[in-house]
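S.K.:
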Amino acid sequence: MQLSEIKSRPVYGGLRVDGSARRHLVAAEGEGAVAVIEAFGGASEALGRTAILYCPAGSAGRDHAAALRELGADALHVMPSAPTLLFRLNAMLDVATMGTRLYAAGREGF
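What follows is the structure, given as structure tokens:
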């Protein structure tokens, strides 16, 4: 059963934590935080090697940043805008080493 009448519309699966990754780098925007919380909520071992970059965007009133903070990741950076998040992400990718796993969650345009 298709979820959409548009046959070419992509259907994305949820985030899955790669237990073999040496480092986890997460970029999330708005409601994408929910996917991050669901994926990393049960991955306490991975959280010690996880950096989360988050931009609240249109969901600022829902305080997903507090829920992300409660996960206990190694680092959480809350950014004021998506361009700022992407700038920081680019800098982090410049120094990322082999074994780093990148996760992205947010609106399709993000």
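Position in the sequence shown (first residue = 1) + 11 = the working numbering.
Even glycine gets a Cβ: it sits at the ideal position worked out from N, Cα and C.
#1: Is Gln13 helix, strand or coil when you go by DSSP?
#2: Could you tell me whether the segment 94–114 touches the segment 74–86, using the rule of 3 or more Cβ pairs below 8 Å?
#3: Distance check for Ala54 and Arg112, CA to CA, integer angstroms please.
#4: Could you pull the start and end residues of the alpha helix (DSSP H) that Ala44 belongs to?
#5: Taking the alpha carbon of Ala39 as the reference point, which residue from Met109, Arg99 and Gly110 has its own alpha carbon closest?
#6: With a threshold of 7 Å on Cβ separation, who are the neighbours of Glu92 within its own chain once the five nearest residues in sequence on each side are excluded?
#7: Provide the residue(s) that pair with Ala84 in DSSP beta bridges, ordered along the chain.
M.R.: So, from the listed chains and residues:
#1: Low confidence applies here, because Gln13 scores a pLDDT of 49, under 50, leaving its location unreliable and the question unanswered by this model.
#2: no
#3: 14 Å
#4: Gly43 to Phe51
#5: Arg99
#6: At residue 92 the sequence reads Ser, which differs from the Glu that was named. Around Ser92: Cys66.
#7: Bridge partners of Ala84: none, in fact.
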